[in-house]
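Everything on this sheet refers to the single structure shown next.
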DNA sequence: ATCACACGTGGGAGCGCTCCCACAGTACCT
DNA sequence: AGGTACTGTGGGAGCGCTCCCACGTGTGAT
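Protein chains in written order, with this note's numbering: chain X, 360 to 710; chain G, 360 to 710.
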């Protein structure tokens, strides 16, 4: 066991310079080895690696960040209070995808909550200090100033769930349009005739796309969509109840409901039950998200699954690419990228 | 609105030097103002602050970290897979406490999962690189090498749930002994005579302390604890079922059970029901943790609440103090601190 | 008047890296 | 033989801070 004395100066960690001396090479060469540059001979590389191992050298991140003007860290920004973060599986799935894709990288992931005004203030400071190389944005509301701030600071960012068809940030989304279509096509195939739709919050782009998918599925089946069968909801259970009540008054004979979320479907289910409708015998019910609620509902709810883990992975891929592109300072006019991932209809007893 | 041109050199952020020039002072003085040193005259301070505001100056963290040899970041290390982190309210409560206590600090919190061997490898590298000023350790198993690693690297650390009575790290804990006592005293006060205890995993120090509390409560009431009424569990539902089955065979006439966790109580409840025992009429049941399970059980479960949010706060307080103490390089031989927070018995219908 | 000692301040040195230019050495062409 | 090109290498400069020493200047004791 050579080089027992890991520290050359008492208390301090070994530096590049010390590794260089030990290996009998220059500082630059050690730096090249550490950073995996190919412009080093094999013998030299081996010598340096030996010295690194002997001294237990670990690069000083702060020094690297200062010299290279990068942090090797990215932030996952959640503009929600922490409680919602823990309550919804969406976030944990997203985190799983992001984490797995990042695990063979040197990149460090920071989780930042920005639910309160105070937290948002801190976040702004944080970004202004350029403490991360890039940002992942999830669950952003249409009027959020954060995307603009990021653009202004020229920080690479990827958003999940674009705010509109003209989203300026690189984005990742699930195929809301296709998901809605598959739900409606499924109901048509089951022989349903009067299919209602309780929408999500219509200021959310994805909710709009689901309405589009609903309409087009009917049109392509040769039916004329009835606007009175489309009742606005807001992703909540209460919204589902309200909308269902309205729809039932309007069309007592409707035989299917496509809800904008599983929670909304739960609200609708309650009203249907109270009105004496059996599910699925009288009215078929389909939700969206395939959350735990869907599996545990009575009867189990047919629902559209979004590939959230995969969306997390895709976000990282796009973000890393954008960071890499930006490194050479040349702002190559890359067109914005928008990834759309396929959804899957999970059929259960409710339809 | 003076000083419209925020940037003096194109593309770059303003530096300390530039702020100094603008304010007509030296670099050192600006540094003092930024860091809140009292050794600056009021007029000078005002001038510097004005310059900072005009230029939109934000300190460069990397430079500061390099020069001052600190990171202003601490890590919350969770030696569990992410799924458990999200599944258990323990972690989210802890995070809430930690976050709230940190919110009026410059400290940045990093959340690090170290569930897999691979992740633990990364963590070791991370700590070796001294990328954080301190570490918060939650849910550490008795044989975990992490505490030793931290001690060796001389990184300030606070552990929640000491590993033994001789814990070497600064620790925060809830009063497991007192919590158990209050549960048993409650059962005694309710007139119960044969009180069983299903323990937690006995390699967890807190579980041992609960057994101690159970015994002492009985002793102090003038009863001799019966070791055959103490059956080892492991915090799980299955363990609760197993232990309850054994206990019921041994003492068909027992009239109370104090379980080491709510989940264990749920397992015990199931066995009791199947054996035809009514809760609380025939057998009173008390759990530990006051988790969501306790509130939703039928009947609602009496349980010992741990002040987890407060524990998170206390951990931060102790850690920040330790970091501050270490800053002046003088390793003042401070005795290790061990905070113990009071528990609270939440009485519900099960007892 | 002299000394002592604060206080507020300026700026040099240095933290540990990366970047890049310079240079020796080798290889391959004219 | 000279030129050109490329490869591998060393080390200077500089990233933006903090730390600390040195230097006025003002105050009070002698």
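Glycine included, C-beta positions come from ideal geometry on N, C-alpha and C.
Scanning its chain for C-beta atoms nearer than 6 angstroms, with the 5 sequence neighbours on each side dropped, one finds around residue 407 of chain X the residues 382, 389, 392, in chain order.
Burial is judged here by how many other beta carbons sit within 10 angstroms of a residue's own beta carbon; residue 706 of chain X has fewer than 16 and is exposed. Under the three-state reduction of DSSP, residue 645 of chain G is assigned to strand. Exclusion of the five residues before and after residue 570 of chain G leaves 558 as the residues of its chain whose Cβ lies within less than 6 angstroms of its Cβ.
Under the Cβ criterion (8 angstroms, minimum of three pairs), the segment 536-553 of chain G counts as touching the segment 575-582 of chain G. In the DSSP assignment, residue 532 of chain X forms a beta bridge with X:699.
Put simply, the segment 667-684 of chain G touches the segment 512-520 of chain G. At least three CB pairs are less than 8 angstroms apart. Of all residues in the segment 453-466 of chain X, those with a C-beta nearer than 8 angstroms to a C-beta of chain G are 454, 455, 458, 462, reading in chain order. Residue 672 of chain X has a beta carbon lying at 8 angstroms or more from every beta carbon in chain G. Using a CB distance cut-off of 8 angstroms, residue 496 of chain G does not count as an interface residue toward chain X. 415, 417, 418, 419, 420: these are the residues of the segment 394-420 of chain G whose beta carbon lies less than 9 angstroms from some beta carbon of chain X, given in chain order.
The criterion of a C-beta distance shorter than 8 angstroms is not satisfied by residue 671 of chain X and residue 469 of chain X. Close partners of residue 434 of chain X in chain G (Cβ separation under 7 angstroms) are lacking, with about 10 angstroms as the shortest Cβ gap.
Beta-bridge partners assigned by DSSP to residue 467 of chain X: X:432.
Residue 403 of chain X sits in a helix when the DSSP states are folded into three classes. Taking the beta carbon of residue 445 of chain G as reference, the chain X residues within 7 angstroms of it are 445, 451, listed in sequence order.
Counting only Cβ-Cβ distances below 9 angstroms, residue 665 of chain X has no contacts in chain G at all, with the closest Cβ about 18 angstroms away.
Separation of the CB atoms of residue 710 of chain G and residue 568 of chain G is rounded to 21 angstroms, and the pair is thereby denied contact status at 8 angstroms. Contact annotation for residue 596 of chain X against chain G: no contact, minimum CB-CB distance about 18 angstroms [criterion: below 7 angstroms]. Distance from the CA atom of residue 700 of chain G to the CA atom of residue 617 of chain G, rounded to whole angstroms, is 21 angstroms.
When Cβ-Cβ separations below 8 angstroms define contact, residue 424 of chain G makes contact with chain X.
Counting C-beta pairs closer than 8 angstroms gives three or more between the segment 428-435 of chain G and the segment 478-497 of chain G, which meets the contact rule. Taking all protein chains shown into account, residue 556 of chain G has 16 or more neighbouring C-beta atoms within 10 Å of its C-beta and is therefore buried. Less than 8 angstroms separates the beta-carbon of residue 482 of chain G from that of residue 436 of chain G. Residue environment for residue 511 of chain X: exposed (fewer than 16 other C-beta atoms within 10 angstroms of its C-beta). Here residue 438 of chain X is not near residue 486 of chain X, since their CB atoms are 8 angstroms or more apart. Between residue 649 of chain G and residue 664 of chain G, the C-beta spacing is below 8 angstroms. Between residue 613 of chain X and residue 627 of chain X, the C-beta spacing is not below 8 angstroms. Taking the Cα positions, residue 554 of chain G is about 58 angstroms away from residue 419 of chain X. Residue 590 of chain G is bridged by DSSP to G:557. At a cut-off of 8 angstroms between beta carbons, residue 484 of chain X contacts chain G.
For the 8 angstroms CB-CB criterion, residue 379 of chain G and residue 425 of chain X do not form a contact. The Cβ-Cβ distance between residue 600 of chain X and residue 630 of chain X falls below 8 angstroms.
DSSP, reduced to helix, strand and coil, places residue 390 of chain G within a helical segment of the structure shown. Unbroken beta strand (DSSP E) runs of no fewer than 3 residues, entirely contained in the segment 649-673 of chain G, are found at 661-664, following chain order.
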